[in-house]
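Peer 1:
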Amino acid sequence: MWLLHFIPDALIVYVINMSILAGVAITIAGTFLGFIPFISRYKSILHLVGVTILVLGVYCKGVFSTDAAMREEVRALEAKIAVAEKKAQEANTQVQTKIVTKIVKIQDKSNTAKETLRRKKDTINAECNLSDDAINAYNFSITKTPTAETK
Amino acid sequence: MRQLLLISVLLLTGCATAIPVKMSFPQLPEALAKPCDRLLPLDPSKKQLTDLLENTVDNYAKAKECYAKNQAWQEWYATQKQIYEEVK
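Order-wise, the sequence lines are chains A and B.
Per my numbering, the first sequence runs over residues 1 to 151.
Per my numbering, the second sequence runs over residues 1 to 88.
1) At a Cβ threshold of 7 angstroms, is K86/A touching chain B?
2) Can you find the residues in the same chain that come closer than 8 angstroms, C-beta to C-beta, to T13/B, ignoring five residues on each side of it along the sequence?
3) DSSP puts Q82/B in a beta bridge; with which residues?
4) Using 8 angstroms as the cut-off, can you tell me whether the region 23–34 of chain A makes contact with the region 50–59 of chain A, which would need three or more C-beta pairs spanning the two stretches below that distance?
5) Less than 7 angstroms between the beta carbons of L42/B and I135/A, yes or no?
6) With C60/A as the anchor, note down where its alpha helix (DSSP H) starts and where it stops.
7) In chain A, which residues lie with their C-beta within 9 angstroms of the C-beta of N59/B?
8) Starting from the beta carbon of A33/B, find every residue of chain A whose beta carbon is closer than 7 angstroms, and list them in chain order.
9) Quick one: any contact between the region 61–69 of chain A and the region 24–41 of chain B, if contact means 3 or more CB pairs under 8 angstroms?
10) Please name the residues in the region 64–83 of chain B whose beta-carbon is closer than 8 angstroms to at least one beta-carbon of chain A, in chain order.
11) If A68/B sits next to I103/A, beta carbons under 8 angstroms apart, how far is it from one beta carbon to the other, in whole angstroms?
12) So, for P20/B: in the same chain, excluding its five sequence neighbours on each side, which residues have a beta-carbon less than 6 angstroms away from its beta-carbon?
13) Does the count of Cβ pairs from the region 110–129 of chain A and the region 46–57 of chain B closer than 8 angstroms reach three?
14) Looking at I83/B: is its Cβ nearer than 7 angstroms to the Cβ of K87/A?
15) Could you name the residues of chain B that L117/A contacts, counting a contact when the two beta carbons are closer than 8 angstroms?
16) Just checking: is the beta-carbon of V87/B within a distance shorter than 7 angstroms of some beta-carbon in chain A?
17) Any beta carbon of chain B sitting closer than 7 angstroms to that of V15/A?
18) Go ahead and pull the three-state DSSP assignment for Q27/B.
19) If you measure from the beta carbon of V24/A to each beta carbon in chain B, is any gap under 7 angstroms?
20) Along chain D, in chain order, which residues have C-beta atoms closer than 8 angstroms to that of V49/A?
21) Roughly how many angstroms separate the alpha carbons of L28/B and A78/B, rounded to a whole number?
22) Which residue marks the beginning of the alpha helix (DSSP H) containing I159/A, and which one marks its end?
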């Protein structure tokens, strides 16, 4: 079957159409020639040959039409997928750029806050030192395992 | 019988098969592939208020990054789903 792919479609369609026409012509000819006494003995053979060619021709037409429709569908789907993959790639780039920009902004903000804390360290720490309990309670909210104090 | 044969001839068609086309799964953006950073506890030897505040600022930044990543994940999924639905 794959050998058919090397033959041009137009030639295949032409052969199939010709075989259908030939099948119809031979079948009709068999019917009319049956009225002629000398040829009437070949009537059945002509009918058999005509119908066989017609059946084969119509079957091949069906196969070829389905195959052509499927190939067309594959082409259309491949084009759609190519567009979708391009869109997906663009969407990825967009998401990547957006998230990276956001993360940079968050880190900038965090660094600015930390710089301010370092600059005003003396004022902030003037009258406050953290007790162990305060640190343990704070760490308890972050870590998975509770410290000895908070158990 | 002959008529039946002729009618059946007209109904003959080739068999259709499944379309051999596949769409590849979209790649996840690099930034979303990394998991969120864990929050850092305060070093017990650091007892000053600024140490606590710095640690809190760091942890806030981590939480915000994680929130941004989560939002990006949802956006990425919605976009990719829409693209997939358009092809179907």
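C-beta: ideal position from N, C-alpha, C; glycine also.
Peer 2: In terms of the structure at hand:
1) Counted from its first residue, the first sequence places residue 86/A at position 86. No, K86/A lies away from the interface with chain B (no Cβ there is under 7 angstroms from its Cβ).
2) Here residue 13/B refers to the residue found at position 13 of the second sequence. Interpretation of T13/B is limited by its pLDDT of 45, a score under 50 that renders its predicted location unreliable; the figure taken from the coordinates is listed afterwards. Answer for T13/B: no residue qualifies.
3) Numbered from its first residue, the second sequence carries residue 82/B at position 82. Residue pairing by DSSP places Q82/B in no beta bridge whatsoever.
4) Put simply, the region 23–34 of chain A touches the region 50–59 of chain A. At least three CB pairs are less than 8 angstroms apart.
5) As a working mapping, residue 42/B is identified with position 42 in the second sequence. As a working mapping, residue 135/A is identified with position 135 in the first sequence. Yes. Within cutoff.
6) Taking the first residue of the first sequence as position 1, residue 60/A is located at position 60. Where C60/A is concerned, the enclosing alpha helix (DSSP H) stretches over 43–119.
7) If you number the second sequence from 1, residue 59/B lands on position 59. Chain A residues near N59/B: I142.
8) Along the second sequence, one-based indexing puts residue 33/B at 33. Result: empty, since nearest Cβ-Cβ is about 10 angstroms, beyond 7 angstroms.
9) No, the region 61–69 of chain A does not touch the region 24–41 of chain B.
10) Residues passing the 8 angstroms Cβ filter: K64, E65, A68, K69, A72, E75, W76, T79, Q80, I83.
11) To locate residue 68/B, count along the second sequence from 1; it is residue 68. To locate residue 103/A, count along the first sequence from 1; it is residue 103. With a Cβ gap of about 7 angstroms, A68/B and I103/A count as contacting.
12) One-based indexing of the second sequence puts residue 20/B at position 20. Here the set comprises nothing.
13) Yes: the two stretches touch, three or more of their Cβ pairs being nearer than 8 angstroms.
14) Reading the second sequence from its first residue, position 83 is the one you call residue 83/B. Reading the first sequence from its first residue, position 87 is the one you call residue 87/A. Their beta carbons are under 7 angstroms apart, which means I83/B touches K87/A by this criterion.
15) Along the first sequence, read from residue 1 onward, the residue named residue 117/A stands at position 117. Under the 8 angstroms cutoff, chain B gives T50, L53, E54, V57.
16) Here residue 87/B corresponds to residue number 87 of the second sequence, with the count starting at 1. Interface residue, yes.
17) Here the question's residue 15/A lines up with position 15 in the first sequence. Not an interface residue.
18) Residue numbering aside, residue 27/B sits at position 27 when the second sequence is read from its first letter. Q27/B falls in the coil class under three-state DSSP.
19) Counting from one through the first sequence, the residue named residue 24/A turns up at place 24. For V24/A, no CB of chain B lies under 7 angstroms from its own CB, so it is not counted at the interface with that chain.
20) This model lacks chain D altogether, as its protein chains are A and B.
21) As a working note, residue 28/B is residue 28 in the second sequence. As a working note, residue 78/B is residue 78 in the second sequence. If I take the Cα positions, the gap works out to 13 angstroms.
22) Lying outside 1 to 151, the shown extent of chain A, residue 159/A is not represented and no answer is given.
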